[in-house]
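Structure first, then comments.
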Amino acid sequence: MAAGGGHLREARVDEVPALEDILREASMIWPEHRDDLLAHPEAVEVPRRDVRAGRVRVHEVDDLVTGFATVLTLPDGDAELDALFVRPALMRRGIGARLVEDAARRARDGGAARLVVTADPHAEAFYARCGFRTVGTAPTRFGPAIRMHRELPP
Ligand SMILES: CC(C)(COP(=O)(O)OP(=O)(O)OC[C@H]1O[C@@H](n2cnc3c(N)ncnc32)[C@H](O)[C@@H]1OP(=O)(O)O)[C@@H](O)C(=O)NCCC(=O)NCCS
């Protein structure tokens, strides 16, 4: 599939289990997370309230959801990329970058001046390629992560 294939749309509540399968599979590409995820299956969750509120967008090709992204609004008005996962078999085809561009556009249209993310260190190169810069580190339940920002000029 070419990077421009497929389309983006809002997620539906009935597809939450499929999104959680993608989350689980995608997270397990980093070997050090496998045991954590197997020990804490409850960590694999796509909150239905986020889907109902229109915060979750999916990329779809021929009725197959290939990846998704969740964007939250922070109290200071920044937007946070809270989840971004692509089916492992379909990685490196531009789907993650498209979901980021969609998230950035929607956040900017919603008035945010910045899109922020707490990134797995493995994903730092991806986010750098998508226009984010590293601003620090942040602890997570699965170990240290990297805090990254992307400005959203009007
Ligand atoms: C991170 C993730 C969302 C990227 O999605 P993707 O669709 O594979 O990414 P893209 O194809 O859009 O990549 C765009 C560019 O980012 C960079 N990139 C992507 N994955 C990379 C990797 N593993 N290592 C280094 N650079 C990477 C490349 O420059 C790539 O362009 P190229 O393929 O032409 O070289 C996906 O790998 C994923 O779901 N990972 C597991 C979960 C995860 O870590 N999510 C982020 C949570 S913070």
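Going by full-length UniProt numbering, the residue at position 15 of the sequence shown is 15; the numbering climbs one at a time, nothing skipped. Don't be surprised by glycine CBs; every beta carbon is placed ideally from N, CA and C. It should be emphasised that the depicted structure is a prediction, and the values quoted were computed from it without experimental measurement.
- Nearest C-alpha to Pro139 among Val46, Arg150, Thr118 and Glu124: Thr118.
- Segment contact: the region 41–51 against the region 105–114, fewer than three CB-CB distances shorter than 8 Å; contact not assigned.
- Between Thr66 and Val86 a beta carbon distance of about 6 Å is seen, short of the 8 Å cut, so the two are scored as contacting.
- With fewer than 16 other Cβ atoms from the protein chains shown falling within 10 Å of its own Cβ, Val13 counts as exposed.
- Cβ-Cβ separation between Trp30 and His122: approximately 5 Å, consistent with a contact (criterion under 8 Å).
- Put simply, of Arg92, Pro75, Pro153 and Val100 the residue whose alpha carbon is nearest the alpha carbon of Val56 is Val100.
- Residue Phe68 holds the alpha-carbon nearest to the alpha-carbon of Ala18 among Asp78, His33, Phe68 and Thr134.
- Asp120 sits buried, since 16 or more C-beta atoms from the chains shown fall within 10 Å of its C-beta.
- Leu115 is the residue among Leu115, Leu23 and Ala128 whose C-alpha sits nearest the C-alpha of Gly77.
- Distance from the CA of Tyr127 to the CA of Gly96, rounded to the nearest whole angstrom, comes to 9 Å.
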